[in-house]
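Numbering-wise (my numbering), the sequence shown opens with residue 4 and increments by one.
C-beta atoms are modelled at their ideal positions from N, C-alpha and C, and glycine is treated no differently.
Model, not experiment: these values are computed from the prediction.
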Amino acid sequence: MTKFESGVKTIPASQEAVYEKLSDLNNLEKFKDSLPEDKVKNLSFDSESIVIEAAPVGKIALSIVEKDPCKCIKFATTTSPLPFNLWIQIVPVTETECKMKLTIGMELNPFMKGLVQKPLQEGLEKMADMLSIIPY
């Protein structure tokens with residue numbers, strides 16, 4: 004399995020607050036207008052899943068498959084050109100600050116890895132940046 008990891012982001016909120024917001028995807032509704040319209044289309048979600056059309060990848064649907072309260076939220080694709088898993092890891096720093104990292108794991112042959120590595124890493128960083136600046 005090939006893993007791609009975002010940089011570690013510091014969030015000025017407690018581990019619990021970040022986990023509570025991110026573990027119910029309905030909480031992200033108010034932030035969908037801040038996504039770039041040329042990259043993201045037809046975003047929809049409920050409390051446990053998200054569907055997004057992202058250029059040039061196409062339609063991707065993710066569902067929460069496991070929650071480790073306050074520490075980790077694991078997603079798996081239900082629809083995707085390339086199946087993958089996504090983990091959001093959250094660790095406390097202080098009572099009012101935590102750190103977050105995103106990890107994608109997917110089975111890739113060397114040719115596909117060469118094609119998707121750069122755009123996937125860039126997309127993962129942008130997603131981590133966006134999740135680190137929303138108000139918790």
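With a threshold of 6 angstroms on Cβ separation, who are the neighbours of serine 83 within its own chain once the five nearest residues in sequence on each side are excluded?
Counting from one through the sequence shown, the residue named residue 83 turns up at place 80. For serine 83, where only same-chain residues beyond five positions count, the Cβ hits under 6 angstroms are Ile63.
Would DSSP call glycine 108 helix, strand or coil?
Residue mapping note: residue 108 aligns to position 105 of the sequence shown, counting from 1. Residue state, collapsed to three classes: strand.
Would leucine 31 pass as a contact of serine 52 if the rule is Cβ separation under 8 angstroms?
Here residue 31 corresponds to residue number 28 of the sequence shown, with the count starting at 1. Here residue 52 corresponds to residue number 49 of the sequence shown, with the count starting at 1. Going by C-beta atoms, leucine 31 is not nearer than 8 angstroms to serine 52.
Grouping DSSP H, G and I as helix and E and B as strand, with all else coil, what is cysteine 11?
Working through the sequence shown from its first residue, we reach residue 11 at position 8. Looking at the sequence itself, residue 11 is valine, so the reference to cysteine does not match. In this structure, valine 11 counts as coil in the three-state DSSP scheme.
When the Cβ atoms of the segment 17-30 are set against those of the segment 121-130, are three or more pairs found closer than 8 angstroms?
No: fewer than three Cβ pairs fall under 8 angstroms.
Are the CB atoms of tyrosine 139 and isoleucine 14 within a distance shorter than 8 angstroms?
Taking the sequence shown and counting its residues from 1, one reaches residue 14 at position 11. Taking the sequence shown and counting its residues from 1, one reaches residue 139 at position 136. Yes, Cβ-Cβ distance for isoleucine 14 and tyrosine 139 is below 8 angstroms.
For serine 9, is the classification buried or exposed, using 16 other Cβ atoms within 10 angstroms of its Cβ as the cut-off for buried?
If you number the sequence shown from 1, residue 9 lands on position 6. Under this definition serine 9 is a buried residue.
Name the DSSP beta bridge partners of alanine 79, please?
Residue mapping note: residue 79 aligns to position 76 of the sequence shown, counting from 1. Per DSSP, Ser66 and Asn88.
Are the CB atoms of isoleucine 67 and phenylalanine 78 within a distance shorter than 8 angstroms?
The residue you call residue 78 lines up with position 75 of the sequence shown. The residue you call residue 67 lines up with position 64 of the sequence shown. Cβ distance < 8 angstroms, so phenylalanine 78 and isoleucine 67 count as in contact.
Is valine 11 buried or exposed, if buried means 16 or more other CB atoms sit within 10 Å of its CB?
Position 8 of the sequence shown, counting from 1, holds the residue named residue 11. Valine 11 is exposed by the Cβ-count criterion.
Straight-line CA distance for methionine 4 to alanine 16?
Position 1 of the sequence shown, counting from 1, holds the residue named residue 4. Position 13 of the sequence shown, counting from 1, holds the residue named residue 16. If you take the alpha carbons of methionine 4 and alanine 16, they lie about 32 angstroms apart.
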